[in-house]
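Numbering (our numbering), first residue to last: 1 to 196.
Set out below in structure tokens:
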């Protein structure tokens, strides 16, 4: 973030003077990033809602799997599956896009896996992950990719247990992390040999 970048270059007295402005810059960057993520998710899921099916999504589309409690209708888990470039980027990444004359291969990408706190540690996350992988296999993919927060060891352990291999060579550069105000995430891959 802007405060972290500035702290490396300025004295504490200079930082005191700049802190209010830099805090506002950080807030604006955070709002911008959240707005972009919202618009992208809305665009991806909105297209799927207009023409629901289990077929591979059209360009830029995705499929969201939701689990709810039948008695209350409360959503207790979600996971999104889309087809993305194999580049290690998260949605909203600010690096230049791929060159049109050398497109990257497209891969099945799992994102936004979330389970309500009261439903965790019961296997729901694993079952949802397997459902997303099964969908990717149905679409003809032999492997699937996802990101996980690099600072959450429990989450990294969960994906390791699910046979996901970390791909640190595709981590976002530090300048991207600092500029966007996001946490570092790690790209992972899993072969779908055993998914039916």
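Think of the CB as a built atom: it goes at the ideal place given N, C-alpha and C, for glycine as much as any other residue.
Here DSSP, grouped into helix, strand and coil, assigns residue 187 to strand.
Taking the Cβ atoms as the reference, residue 88 lies roughly 4 angstroms from residue 187, within the contact range of under 8 angstroms. Non-local beta-carbon contacts of residue 183 in its own chain, meaning distances under 8 angstroms to residues more than five positions away in sequence, involve 149, 150, 151 and 177 in chain order. In the displayed model, residue 81 falls within a strand according to three-state DSSP. Under DSSP, residue 143 forms a beta bridge with 191. Collapsing the DSSP output to three states places residue 129 in a helix. Going by beta carbons, residue 133 and residue 192 fall inside the 8 angstroms limit. In the three-state scheme derived from DSSP, where H, G and I count as helix and E and B as strand, residue 162 is classed as coil.
Approximately 7 angstroms separates the beta-carbon atoms of residue 79 and residue 129; this is inside 8 angstroms, confirming the contact.
In terms of Cα proximity to residue 54, the closest of 90, 140 and 112 is 140. The three-state secondary structure of residue 99, taken from DSSP, is coil.
Residue 90 places its beta carbon 8 angstroms or farther from that of residue 145. Contact check for residue 109 and residue 153: beta-carbon distance about 23 angstroms, past the 8 angstroms limit, so the pair fails to qualify.
Counting along the chain, residue 176 sits inside the alpha helix (DSSP H) bounded by residues 174 to 180.
Straight through space, the alpha carbons of residue 116 and residue 66 are spaced by roughly 11 angstroms.
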